[in-house]
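Visitor:
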Amino acid sequence: MAIYVLSDVHGHKAALDEALALASPGDDDSIYVLGDMVDRGPDPLGVIQLVRSLPNARVLMGNHERMLVDILMGTGEMDNFTWALNGGVATALGLDALDKDELAELVGWVAALPLYEVVDTESRRYILVHAGIDALEARGFLATSGIDVSGGRGAAEATRDDLLKMLARQDPETLLWTRKAFWMHPTWLVGEDGTGPVVVAGHTPSIVLARYAGLDEDVGVDAEGRGCVVPVGACAETGGVADRIDIDCSAAAGAPRGRVGIVRLDDGATWYAAIKDGE
């Protein structure tokens, strides 16, 4: 059973459909969607419906789903004007077309989405979140739990349960919104021997990742300037292993630079579908 991960489709259902067809996950495979299905693109509800129809799909909440819930349930400070500025118009129009029961069911489903997950392939453990983690807080929690992450050891000794407990202590605002604080610095969860959990996140469009991660300007784009999956942080201190992976392929940017990307964690294979005009 393979593990596929994608994020930040932002209402571009046609590109998501194409990317899934290219990746062709099997019914026994798992698909993780790391949030931001809605807003900006033309068919956010279509994206939700497609994701919910996928066998073995598991969905995490993104900051745009959080905004949707805050608006419709009155659970935050977000207002309709700010939501509209963040691309919420298409989502709002789709929600208006639902009857009362359909709307209540959908909003309830979105409100119950988890903020994180920990998954295992045959060779590595991965932490899945929408935006990133507070790595200093993570290492502090693990250390107080008896897991020594100092001296280049990384967190290979942490169990899945250890990591889930660590994630439960993270500030939800960090998991949903962090950018520079996460991408600019190593997590130190991957040790000098290359073992330890890698964090997979979206939220930061790869076409602007360089400014948040302090990297060369051409990082995060392909030869044609389009968004792509970006492993970050490979160095001697991590045994040459990237300790973070950005999977936001900039669908929110639309055509011609935005794409929906899917990565298979088992072997790092990637598939892309470009955002086309009007889609």
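Take 111 as the starting number for the sequence shown in the numbering used here and just add one per residue. Backbone N, C-alpha and C fix where the C-beta goes; we use that ideal spot for every residue, glycine too.
What did DSSP end up calling valine 351 once you bin it into helix, strand or coil?
Guide: Taking the first residue of the sequence shown as position 1, residue 351 is located at position 241. It is coil, neither helix nor strand.
Visitor: I'd like the span of the beta strand (DSSP E) that includes arginine 235, first residue to last.
Guide: The sequence position of residue 235 within the sequence shown is 125, counting from 1. Where arginine 235 is concerned, the enclosing beta strand (DSSP E) stretches over 235-239.
Visitor: Use the C-beta contact count for serine 255: other C-beta atoms within 10 angstroms, 16 or more gives buried, fewer gives exposed.
Guide: Here the question's residue 255 lines up with position 145 in the sequence shown. When all chains shown are included, serine 255 counts as exposed.
Visitor: Leaving aside the five residues before and after aspartate 189 along the sequence, list all residues of the same chain whose C-beta is less than 8 Å from its C-beta, in chain order.
Guide: The sequence position of residue 189 within the sequence shown is 79, counting from 1. Correct list, in chain order: Ile181.
Visitor: Let's see if you can read the secondary structure: which residues bound the alpha helix (DSSP H) around tryptophan 381?
Guide: Along the sequence shown, read from residue 1 onward, the residue named residue 381 stands at position 271. It is not in any alpha helix (DSSP H) - tryptophan 381 instead sits in the beta strand (DSSP E) that spans 380-384.
Visitor: Pull the bridge partners of glutamate 446 from the DSSP assignment, please.
Guide: Any question about residue 446 goes unanswered here, given that the chain covers just 111 to 389.
Visitor: Taking the alpha carbon of aspartate 326 as the reference point, which residue from Met294, Thr305, Gly306, Leu130 has its own alpha carbon closest?
Guide: Position 216 of the sequence shown, counted from the start, is the residue given in the question as residue 326. Considering only alpha carbons, the answer is Met294.
Visitor: On the DSSP letters alone, give me the boundaries of the beta strand (DSSP E) that serine 140 sits inside.
Guide: As a working mapping, residue 140 is identified with position 30 in the sequence shown. 140-143 is the span of the beta strand (DSSP E), which, as asked, contains serine 140.
Visitor: How is the alpha helix (DSSP H) around leucine 273 delimited, first residue to last?
Guide: By one-based count along the sequence shown, residue 273 stands at place 163. Start and end: 270-278.
Visitor: Where does the unbroken alpha helix (DSSP H) through alanine 323 begin, and where does it stop?
Guide: For this step, residue 323 is matched to residue 213 along the sequence shown. Alanine 323 -> alpha helix (DSSP H) spans 319-323.
Visitor: Is DSSP giving proline 296 helix, strand or coil here?
Guide: Against the sequence shown, residue 296 aligns to sequence position 186. Reduced to three states, the DSSP call for proline 296 is coil.
Visitor: DSSP three-state call for aspartate 303: helix, strand or coil?
Guide: Within the sequence shown, residue 303 is the residue found at index 193, counting from 1. In this structure, aspartate 303 counts as coil in the three-state DSSP scheme.
Visitor: Within a Cβ cutoff of 6 Å, which residues of the same chain sit near valine 239, ignoring the five residues on either side of it in sequence?
Guide: What you label residue 239 is simply residue 129 of the sequence shown in a count that begins at 1. Tyr226, Leu285, Ala311, listed in sequence order.
Visitor: Using only alpha-carbon positions, find the residue among Pro307, Pro154, Gly330, Gly151 that is nearest to leucine 375.
Guide: Here residue 375 refers to the residue found at position 265 when the sequence shown is read from its first residue. It is Pro307.
Visitor: When you compare only the Cα positions, how much space is there between cysteine 345 and leucine 216?
Guide: What you label residue 345 is simply residue 235 of the sequence shown in a count that begins at 1. What you label residue 216 is simply residue 106 of the sequence shown in a count that begins at 1. Cysteine 345 and leucine 216: Cα-Cα distance of roughly 43 Å.
Visitor: Please check the pair valine 373 and isoleucine 357, which I expect to be a contact at CB under 8 Å, by giving their CB distance rounded to whole angstroms.
Guide: Stepping through the sequence shown from its first residue, residue 373 is reached at position 263. Stepping through the sequence shown from its first residue, residue 357 is reached at position 247. That pair is a contact at about 6 Å.
Visitor: Could you tell me the alpha carbon to alpha carbon distance between valine 263 and arginine 249, rounded to whole angstroms?
Guide: Counting from 1 along the sequence shown, the entry for residue 263 is found at position 153. Counting from 1 along the sequence shown, the entry for residue 249 is found at position 139. Residue identity differs from the one stated: residue 263 is arginine in this sequence, not valine. If you take the alpha carbons of arginine 263 and arginine 249, they lie about 11 Å apart.
Visitor: With distances taken Cα to Cα, identify the nearest neighbour of glycine 198 among Ala167, Leu208, Val228, Gly151.
Guide: The sequence position of residue 198 within the sequence shown is 88, counting from 1. Nearest of Ala167, Leu208, Val228, Gly151 to glycine 198, Cα basis: Gly151.
Visitor: If you compare alpha carbons, which of Thr231, Thr380, Gly204 is closest to alanine 129?
Guide: Looking up residue 129 in the sequence shown gives position 19. Taking only the C-alpha atoms, the option nearest alanine 129 is Thr380.
Visitor: Buried or exposed for proline 366, please, with buried defined as at least 16 other CB atoms from any protein chain shown within 10 angstroms of its CB.
Guide: Walking along the sequence shown from the start, residue 366 turns up at place 256. So proline 366 ends up on the exposed side.
Visitor: Roughly how many angstroms lie between the CA atoms of proline 154 and aspartate 303, to the nearest whole one?
Guide: Locating residue 154 in the sequence shown gives position 44, counting from the first residue. Locating residue 303 in the sequence shown gives position 193, counting from the first residue. C-alpha separation (whole angstroms): 42 Å.
Visitor: Under 6 Å Cβ to Cβ from arginine 354, same chain only, skipping five residues before and after it: list those, please.
Guide: Within the sequence shown, numbered from 1, the residue matching residue 354 stands at position 244. Answer for arginine 354: Val309, Val342, Gly343, listed in chain order.
Visitor: Note down, in chain order, each residue of its chain lying with its Cβ closer than 7 Å to the Cβ of leucine 252, except the 5 sequence neighbours on either side.
Guide: For the purposes of this step, residue 252 is taken as residue 142 along the sequence shown, with counting starting at 1. Here the set comprises Val259, Ala265, Ala268, Asp272, Met276.
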